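Trainee: Numbering-wise (the numbering used here), the sequence shown opens with residue 3 and increments by one. All residues carry an ideal CB built from backbone N, CA and C; glycine is no exception. Bear in mind the structure is a predicted one, so any value in this text is a computation, not a measurement. Before I ask anything, here is the structure I am working with.
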Amino acid sequence: MRMPKMYENCTVCGYKFEKEPGYFFGAMYVSYMLTVAQAVGLYMILVHIFQFDDNFQIFLMIAAGMIGLSFFNMRISRIIWIHLFKN
Numbered sequence: 003m004r005m006p007k008m009y010e011n012c013t014v015c016g017y018k019f020e021k022e023p024g025y026f027f028g029a030m031y032v033s034y035m036l037t038v039a040q041a042v043g044l045y046m047i048l049v050h051i052f053q054f055d056d057n058f059q060i061f062l063m064i065a066a067g068m069i070g071l072s073f074f075n076m077r078i079s080r081i082i083w084i085h086l087f088k089n
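Right, here's the structure in full:
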């Protein structure tokens, strides 16, 4: 599996995504926030709805979920970061 391609400009409006080198470093913080929120949400679902009580099993399921969502998080965190500073 390869990393999703990030275009330099929007194909519809021509908006330049990367304004300067290192522009998306801040998106790492947004991605971290999303990952923590998803992990906490998955933990709540596993413990309260599915009644899991084995901590190691819960850890493995959360780890698999976070790996599965990593490509989604990378793209959505960049979109959120762009919308924070779009003029």
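Mark Ala65 as exposed unless 16 or more other C-beta atoms lie within 10 angstroms of its C-beta, in which case mark it buried.
Mentor: The residue given as residue 65 occupies position 63 in the sequence shown. Ala65 comes out exposed.
Trainee: Kindly confirm or deny that the region 68-85 and the region 15-33 touch, where touching means at least three C-beta pairs closer than 8 Å.
Mentor: The region 68-85 is in contact with the region 15-33.
Trainee: Taking a contact to mean a Cβ-Cβ separation below 8 Å, would you say Ala41 touches Met76 in this structure?
Mentor: Taking the first residue of the sequence shown as position 1, residue 41 is located at position 39. Taking the first residue of the sequence shown as position 1, residue 76 is located at position 74. No, they are not a contact pair.
Trainee: Please give me, in chain order, every unbroken run of the beta strand (DSSP E) with length at least 3 that falls completely inside the region 3-70.
Mentor: Runs found: none.
Trainee: Between Pro23 and Met63, what straight-line distance do the alpha-carbon atoms span, to the nearest angstrom?
Mentor: Locating residue 23 in the sequence shown gives position 21, counting from the first residue. Locating residue 63 in the sequence shown gives position 61, counting from the first residue. Distance between the alpha carbons of Pro23 and Met63 is about 36 Å.
Trainee: Ser79 and Leu36 look like a contact to me (Cβ under 8 Å); what is the Cβ gap, rounded to whole Å?
Mentor: Along the sequence shown, one-based indexing puts residue 79 at 77. Along the sequence shown, one-based indexing puts residue 36 at 34. Indeed they touch by this definition, with Cβ atoms about 6 Å apart.
Trainee: Please report the distance separating the alpha-carbon of Tyr90 from that of Phe61.
Mentor: Because the chain is modelled from 3 through 89, residue 90 falls outside the range shown and cannot be assessed.
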